[in-house]
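Some notes on the structure that comes next.
There are 2 protein chains.
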Amino acid sequence: MTVTIKDVARMAEVSISTVSRVINDSKPVSPEARRRVLKAIEELGYKPNEVARSLVTKKSNIIGIIVDDIGSSYVAQIIRGVEEVGRMYNYDLLLCSSYGDKESELRFAQLLMQKQVAGIIIVSEILNNDVLSFLDMSRIPFVYLNKYYNVLESPNVSINNREASDKVMRHLVEEGHKRIAYVTQEKDVELTIEKHKLEAYREWMGNIGGDPMVFEVDGHKIEDGYDIGNRIVERLLEEKITAVYCCEDEIAIGLINYLYDHNIKVPEDISVVGYGDITLASYFRPMLTTIKEPYYDIGAVSIRRILKVLQGEKVEEQTIVLPVQLIVRDSCASPSK
Amino acid sequence: MTVTIKDVARMAEVSISTVSRVINDSKPVSPEARRRVLKAIEELGYKPNEVARSLVTKKSNIIGIIVDDIGSSYVAQIIRGVEEVGRMYNYDLLLCSSYGDKESELRFAQLLMQKQVAGIIIVSEILNNDVLSFLDMSRIPFVYLNKYYNVLESPNVSINNREASDKVMRHLVEEGHKRIAYVTQEKDVELTIEKHKLEAYREWMGNIGGDPMVFEVDGHKIEDGYDIGNRIVERLLEEKITAVYCCEDEIAIGLINYLYDHNIKVPEDISVVGYGDITLASYFRPMLTTIKEPYYDIGAVSIRRILKVLQGEKVEEQTIVLPVQLIVRDSCASPSK
DNA sequence: ATGAAAGCGCTAACAT
DNA sequence: ATGTTAGCGCTTTCAT
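Those protein sequence lines, which keep their order, are chains X and H. Those letters in the first sequence? Residues 29 to 365, per the numbering used here, in order. Those letters in the second sequence? Residues 29 to 365, per the numbering used here, in order.
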């Protein structure tokens, strides 16, 4: 049946410890013995049983990742980043989808512990102190990623949302827009990144002497953006709004779809700016002007952080802040007229 | 420290075997002993070490999944299907991305074996007999999914592509199109599903007495569809083509983008049909008329198949064929005339 | 019904 | 430099 370290030892005529030593390069082994072991491994096609290994070393080279929904493209991008960097260091990914359920998140965290994962990355869209405190206690290296909520007390990787919003507003103003609306999330504003984005928006509107006009959307999906189009389009027209800054790409795209379906042209009649730069943003027409949240990098940096901790390095900052970028594309133009 | 079965046994004043029996419900245990064990487990917050378990049982409840690129939305959908069904039976997912590299696919398959996964699902976009024969030999239950190539000799889940193409052509013809072009893949046509799709296309064109007009595209990305727009648009116009049937949604979307960027209206000037129904298809404007490949279901059925084998059930068919559906949306209309 | 003990495949002291 | 041995935490005979 499956070949074990014993078989290798027997064939190479050494003890299993010697075999172990050459596999792990953990102690000096005479060239001769090493040669024989290597030969035996080759001939038998021996592959160490990772499970047995994990049992004794009490750790696997598996990183657990709990995501909200792998179907979201930003989540997939984060996973790519995690996967690719992890792979470089021979770490594998154990994937769980919580679909936004608090209890699932916690249960998966426990499950991953049972599986002796080396570290955990959570991509969450809700606020869930239960996992956070569980993870804190368990003393396993982890990173908590949350696109919406400000996470302050846990290791995380994010961008400076205030700065990002400033970039959007500066661009809009420089393009000549004065009547700019902002579409924000209605839920938990004070706890989310919307707080900072709204601040930036309000400040800029103050500076250019315009009235802030804030609309609230409920949900993060393209459909939700479409719905809000339905609810606000009349106000937009009445108030002669020339640009709508949406808190998320999905909302922006939904809104543009609504406008498209009602013969309002983007950007000719109204400019729309998004936030996130999801995959769709550049395939969609008109191509979306938006803030690039570097999802891939967020994933890559997250696992790097965990790997560092695993190697015993001290990681100072709780939050690692990545640079933001405004991607100017076609959904935004100077106001006609 | 971490609490083990010994701790539970001590607290419950039974042997570890009894604890094991309670945990696994493997043998009768007296009500009294069971009660005490349960209580101890509760109080200590004991969670069995899955790694130790796997070592002795020689199998984990982990399903390995090797995908081409988790960034593709169809891949993400398949994974969702696998994940959700797997979860119902307490299986976890170990994820590897091969990025289309043959050797990676093989290496990952070996790696997954080392980790004692219970089964393997491969989502491949290339032809790789090395993994296939490795998997065959290893006698681990697996499913080989390939969107492009006909896989005949390995367990797989797919749709009837011939039938799907018939549906597209019937729809196009019923809408009144006579001058229909088909965009196919240029690579390995004889080995891929394009063979059957082309057959259907040619047969229908023969039936309505039209000239088949086939264009070849190289690649599966939206950009590739855009490129081909550049290459064929003049022919399309010359030949008064009223509908283009593209072998993949990505190609269709790229083509529509090209047409959009060059002021050719879809569907008013030209109808475009895709194949796949990727997530983008319904968010894109015009919404794409396309064949729905049920990715989620493909994933779900794949893991069900593996689970069946794991439970010792015989699974007769190598290939499980799922029903197809034509999704009629907006990118296709009757030819204006 | 329960416990003692062997052993899964490996690593890591400890001896030599 | 190499071998012997004791576990890692669990399941599973085999006795009782």
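Backbone N, C-alpha and C define an ideal beta-carbon position, used for all residues, glycine too.
Put simply, the CB of ARG108 (chain X) is near chain H, with a gap under 8 Å to one of its CB atoms. Inside the stretch 153-182 of chain H, DSSP marks whole alpha helix (DSSP H) runs of 4 or more residues at positions 157-166, from first to last along the chain.
In the structure shown, ASP120 (chain H) falls within a strand segment according to DSSP collapsed to helix, strand and coil.
The beta carbon of GLN142 (chain H) sits closer than 8 Å to some beta carbon of chain X. For GLN346 (chain X), the nearest beta carbon of chain H is not closer than 8 Å to its own beta carbon. The straight-line gap separating the alpha-carbon atoms of TYR210 (chain H) and HIS248 (chain H) is approximately 15 Å.
Here the alpha carbons of LEU338 (chain X) and GLY302 (chain H) stand approximately 47 Å from one another. Nearest C-alpha to SER82 (chain X) among H:GLN144, H:ARG198, H:ASP35 and H:LYS223: H:GLN144. By the 16-neighbour rule on beta-carbons within 10 angstroms, GLU202 (chain X) is exposed.
Cβ contact annotation for HIS205 (chain H) (same chain, cutoff 6 Å, sequence separation greater than five): THR270, ALA271 and PRO363, in chain order. Not a single C-beta of chain H is nearer than 8 Å to the C-beta of PRO169 (chain X).
Close CB contacts of ILE298 (chain H) within its chain, under the 8 Å cut and outside five residues either way in sequence, are with LEU264, ILE269, THR270, ALA271, VAL272, LEU287 and ILE292 (chain order). Shown in chain order are the members of the stretch 69-86 of chain H whose Cβ falls below 8 Å from a Cβ of chain X: LYS75, PRO76, ASN77, GLU78, VAL79, ALA80, SER82 and LEU83. In its chain, beyond the 5 residues on either side, THR46, ARG49 and VAL50 have a beta carbon closer than 7 Å to the beta carbon of VAL57 (chain X).
Sequence-distant partners of LEU72 (chain X) (beyond 5 residues in either direction) whose C-beta falls short of 7 Å from its own C-beta, in its chain, are VAL31, ASP35, VAL36 and MET39. Residue nearest to GLU222 (chain H) within the set H:THR85, H:GLY282 and H:GLU276 is H:GLU276 (criterion: CA-CA distance). Contact of SER101 (chain H) with chain X by beta-carbon distance below 7 Å involves SER101. The beta carbon of ARG313 (chain H) falls within 8 Å of a beta carbon belonging to chain X, placing the residue at that interface. Contact annotation: in the stretch 122-136 of chain H, residues whose CB is within less than 8 Å of a CB in chain X are LEU122, LEU123, CYS124 and SER125. If one requires a minimum length of 3 residues, the beta strand (DSSP E) runs lying completely within the stretch 245-307 of chain H are 271-274 and 299-301, in chain order. GLY282 (chain X) has its alpha-carbon roughly 23 Å from the corresponding atom of TYR254 (chain H).
The C-beta of LEU308 (chain X) comes closer than 8 Å to at least one C-beta of chain H.
Excluding residues up to 5 positions away in sequence, ILE90, ILE91, GLY92, ILE93, LEU140, LYS143 and VAL145 lie with their Cβ nearer than 8 Å to the Cβ of LEU122 (chain X) in the same chain. Using a 10 angstroms sphere on the CB of TYR311 (chain H), the tally of other CB atoms reaches 16 or more, which defines it as buried. Rounded to whole angstroms, the Cβ separation of SER330 (chain X) and VAL185 (chain X) is 5 Å, and the two are in contact under 8 Å. Between the stretch 146-162 of chain H and the stretch 130-138 of chain X, the count of Cβ pairs shorter than 8 Å is below three; the stretches do not touch.
GLY99 (chain H) is positioned such that its CB atom lies closer than 8 Å to that of ALA104 (chain X).
The C-beta of TYR288 (chain X) comes closer than 8 Å to at least one C-beta of chain H.
Chain-order list of chain X residues neighbouring ASP53 (chain H): empty, with the shortest C-beta distance near 18 Å, by a criterion of under 8 Å. Under the 8 Å criterion on CB atoms, SER88 (chain H) is classed as interfacial with respect to chain X. At a cut-off of 8 Å between C-beta atoms, ALA104 (chain X) counts as an interface residue with respect to chain H.
The beta carbon of ASP252 (chain X) sits closer than 8 Å to the beta carbons of VAL245, ASP246, GLU278, ILE279 and GLY282 from its chain, once the five residues preceding and following it are set aside; these are given in chain order. Under the three-state reduction of DSSP output, THR212 (chain H) falls in the strand class.
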